[in-house]
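Notes follow once the structure below has been shown.
In this note's numbering, the protein residues as written are 559 to 885.
Right, here's the structure in full:
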């Protein structure tokens, strides 16, 4: 597919894609200010806050990327009944993301609060409870997923950040339900227990995540090592394909009968936060729109390059993609 056809995809086909994102929902809050002194009552720096922002994180950021490109996007996961959820809900509403699948719990809405001075992150505060939710809450979430899949979805993304949603049972239930409707599943993996993603169509790890499950670490600049790692993942965890993101070295799509290495453009890396979310989102959108996996790999690599040149969590837009394609 040439660049003109990709433009036509963003113009006419992406808005017809219907994608369900399931996983760990999060909100990121940023406080920007100056740090010039220490407190008088304790040996700690004082940040004078000048402005603050909030953005969608984790599974919510995956959904945000999809929505910004015109996809009809649905989000499912666990949240709390707190002020952070109010902020999350408002941002989802602004992005036109369906949030009917957010199940309220007694735990806090997972939130990361960062204090930034200049370009330096001074510290971070986390509000979360990663303990496994009860059987009733999981049953409610699973019921929602199954009901939604009756509405002709084009792709499902499982976004795992080990915050309590993506248990082995639940991942298996989602993958089986999606496949029963002929819907491909892309997984953003986390941790070391990848067997819970068995039978997923694609996983989208970066090199750091791959090295957590390898006996010997690999380097992102070694094509052959990345391919071997991909095939090891496919064989060991019964996963069908691997899209490995390799930072400044691009991405590699490892399938059963071929491998595609796509280099990235040389550019300054300002902030890598959210790049993995973007890769999973753009790749899944491409699958949902009927593009070849290799086209999805190319577009997701292009989108990741846009994200790492931005500060904080950033969702790429259609205009970003068209400018990058220069069409």
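Every residue, glycine too, gets a C-beta built ideally from N, C-alpha and C.
- Inclusion of residue 580 and residue 838 in the CB contact set at 9 Å is not warranted, their separation being larger than that value.
- Judged by DSSP in its simplified three-state form, residue 701 adopts helix.
- Take the alpha-carbon of residue 807 and the one of residue 600: they are about 45 Å apart.
- In chain order, 578, 632, 634, 659 place their CB closer than 8 Å to the CB of residue 706, counting only its own chain and leaving out the 5 sequence neighbours on each side.
- Under the three-pair Cβ rule at 8 Å, the segment 581-590 counts as touching the segment 643-650.
- Each residue's CA atom was taken as its position, placing residue 575 and residue 813 some 24 Å apart.
- Note on geometry: alpha-carbon atoms of residue 673 and residue 612 lie some 12 Å from one another.
- Using a Cβ distance threshold of 9 Å, residue 714 and residue 741 count as a contacting pair.
- Per DSSP, residue 769 is one residue of the alpha helix (DSSP H) stretching across 765-769.
- Secondary structure at residue 772: coil, using DSSP grouped into helix, strand and coil.
- If you draw a straight line from the Cα of residue 776 to the Cα of residue 755, it is about 22 Å long.
- The C-beta separation of residue 688 from residue 716 comes to about 17 Å, leaving the pair out of contact by the 8 Å criterion.
- By the neighbour-count definition (other C-beta atoms within 10 Å, threshold 16), residue 626 is a buried residue.
- Ranked by Cα distance from residue 811, the options 836, 784, 686, 617 are led by 784.
- About 5 Å separates the CB atoms of residue 731 and residue 700; that is less than 8 Å, so the two are in contact.
- In the DSSP assignment, residue 647 falls outside any beta strand (DSSP E) and within the unbroken alpha helix (DSSP H) covering 641-652.
- Counting along the chain, no alpha helix (DSSP H) covers residue 636; the unbroken beta strand (DSSP E) around it starts and ends at 630-638.
- DSSP, read as helix, strand or coil, puts residue 798 in coil.
- Following the DSSP letters along the chain, one finds residue 685 inside the beta strand (DSSP E) bounded by residues 678-685.
- The alpha-carbon separation between residue 604 and residue 843 amounts to approximately 44 Å.
- With a cutoff of 9 Å on beta-carbon distance, residue 725 and residue 690 are scored as near each other.
- Out of 606, 615, 598, 858, the CA that lies nearest to the CA of residue 589 is found in 606.
- With a contact defined as Cβ atoms closer than 8 Å, residue 636 and residue 661 qualify at about 5 Å.
- Counted as a single uninterrupted DSSP element, the stretch harbouring residue 612 is not any alpha helix (DSSP H) but the beta strand (DSSP E) occupying residues 603-616.
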